[in-house]
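Engineer:
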Amino acid sequence: MNKSLASQNVSEAHQRRIAFFDSGQGGLTVWESVVNKHPTLNTIYLGDNARYPYGNKGADTVTRYASEAILFLAAQNAELIVVACGTASSVAVARLKQVFRLPVIGIVEGFCAEAAQLFKPNRRVAVLGTRFTVASGRFEAVLKECGVENVWQRSCPLFVPLVEEGVSSGDIARAACRMYLSDMPSDVDVVMLACTHFPRFAAVIAETLGEILNRTVVIRSAEEEKVLYSCQSGQEPPLILLDSSSSVLAAVESFLAAHPNRNQFMGGHSELFCTDAPARFAQVAQVFANTALANPRQISLGSL
Ligand code: DGL
Numbered sequence: 002m003n004k005s006l007a008s009q010n011v012s013e014a015h016q017r018r019i020a021f022f023d024s025g026q027g028g029l030t031v032w033e034s035v036v037n038k039h040p041t042l043n044t045i046y047l048g049d050n051a052r053y054p055y056g057n058k059g060a061d062t063v064t065r066y067a068s069e070a071i072l073f074l075a076a077q078n079a080e081l082i083v084v085a086c087g088t089a090s091s092v093a094v095a096r097l098k099q100v101f102r103l104p105v106i107g108i109v110e111g112f113c114a115e116a117a118q119l120f121k122p123n124r125r126v127a128v129l130g131t132r133f134t135v136a137s138g139r140f141e142a143v144l145k146e147c148g149v150e151n152v153w154q155r156s157c158p159l160f161v162p163l164v165e166e167g168v169s170s171g172d173i174a175r176a177a178c179r180m181y182l183s184d185m186p187s188d189v190d191v192v193m194l195a196c197t198h199f200p201r202f203a204a205v206i207a208e209t210l211g212e213i214l215n216r217t218v219v220i221r222s223a224e225e226e227k228v229l230y231s232c233q234s235g236q237e238p239p240l241i242l243l244d245s246s247s248s249v250l251a252a253v254e255s256f257l258a259a260h261p262n263r264n265q266f267m268g269g270h271s272e273l274f275c276t277d278a279p280a281r282f283a284q285v286a287q288v289f290a291n292t293a294l295a296n297p298r299q300i301s302l303g304s305l
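One rule links them: number in this note's numbering = place in the sequence shown (from 1) + 1.
1) So which of V164, R201 and I45 has the shortest CA-CA distance to I82?
2) I'd like to confirm something about C178: is its beta-carbon nearer than 8 Å to some heavy atom of ligand 1, or not?
3) Is it true that the CB of L302 sits closer than 9 Å to the CB of A70?
4) Would you call the CB atoms of G211 and S231 closer than 9 Å?
5) For the segment 115-157, which segments carrying the alpha helix (DSSP H) assignment without a break, of at least 4 residues, lie completely within its bounds, in sequence order?
6) Considering only C-alpha positions, which residue in the set N215, F282, A286 and Q118 is nearest to S248?
7) Go ahead and pull the three-state DSSP assignment for Q265.
8) Compute the minimum distance between the beta carbon of S24 and the heavy atoms of ligand 1, and state whether it is under 8 Å.
9) What I want to know is whether the C-beta of N262 ends up closer than 8 Å to one or more non-hydrogen atoms of ligand 1.
10) State yes or no: is the C-beta of G56 nearer than 8 Å to some heavy atom of ligand 1?
11) Measuring straight from C-alpha to C-alpha, what distance separates V189 and I173?
12) Which whole-angstrom value describes the C-beta separation of S34 and A223, a residue pair presumed to lie in contact below a C-beta threshold of 8 Å?
13) Is Y46 near ligand 3, with its Cβ less than 8 Å from a heavy atom?
14) Opposite Q299 in the DSSP bridges: which residues?
15) Please report the residue range of the beta strand (DSSP E) in which I71 lies.
16) How many Å lie between N78 and A136 at the Cα?
17) Tell me whether the beta-carbon of A195 lies closer than 9 Å to the beta-carbon of F140.
18) Can you tell me the Cβ-Cβ gap for G268 and T64, rounded? I've got them flagged as a contact below 8 Å.
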């Protein structure tokens, strides 16, 4: 293990805990879904905002960044690493699983299995992600393994900065949606929001797709299923926007259920780390988390 990273044990607590990792703050939506259900779970969250965004970077770079993050998190007593980032899950997690003894889960497998359960023959599943998530073809490959033959993919990189700027409704948000999604095929029944930021853009995605496809649109997450756009005249069943939170929650719960000392993960202790500008990190974090967050502490990864 890299000594400089391993020696950065900056945490006070030494309980068992589950780590969540993302390029920035977007993964807090996944973290929050898990802690809402398990409020006493000990967690640690790391957002690598100094090197954000990952979505426009290649597999080798993202794998190196994620490896450095995992070394840090392992040194903080993390016993499970949840890679909440869609890009890192797509381009790096398969390799990370081979390299680390610590269990590492990404969002791809469970999420694709969930989408496959909703898939009907001769229909289609859509995947929306960052540029490198889509370019990796990882979602498409895993969906095919799960029996989903028809996949439509689209990278929507502009959604990411718009969400962080708080522009998730109005003309600019609608124009971005129309630019990326106008040609979505009408036989899509499930749209996978395969990027941390997209659940915060779901309302405008739903409005755009509902209008274009003349369909009711619902969102399904760990917390709820709710109608985002209602269409009385359409003939098709509702289009489902799916976020990754249910499948990540299920994976965390099955890890805990199989752990002989699962009670030792319960102490209600959570810590937040970033790699740059903690005050700004905390500000943007409020876009993604509704619960009160610990003050983020800045750490260094790799050669930063
Ligand atoms: N966290 C990234 C993802 O889910 C989005 C932001 C970025 O590009 O780093 O793919």
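For every residue, glycine included, the Cβ atom is placed at its ideal position computed from N, Cα and C.
Structural biologist: To lay it out plainly:
1) I45
2) No heavy atom of ligand 1 is found nearer than 8 Å to the CB of C178.
3) In this structure, A70 places its C-beta atom within 9 Å of the C-beta atom of L302.
4) Cβ atoms of G211 and S231: closer than 9 Å.
5) Listed in chain order, the alpha helix (DSSP H) runs fully inside the segment 115-157 are 132-137 and 139-146, counting runs of at least 4 residues.
6) Q118
7) helix
8) yes
9) no
10) yes
11) As the crow flies, the alpha-carbon of V189 is around 25 Å from that of I173.
12) At roughly 4 Å, the Cβ-Cβ gap stays under 8 Å, so S34 and A223 are in contact.
13) The model on display carries ligand 1 but not ligand 3.
14) C275
15) It is not in any beta strand (DSSP E) - I71 instead sits in the alpha helix (DSSP H) that spans A60 to A75.
16) 34 Å
17) Yes.
18) So it is not a contact: roughly 32 Å between Cβ atoms.
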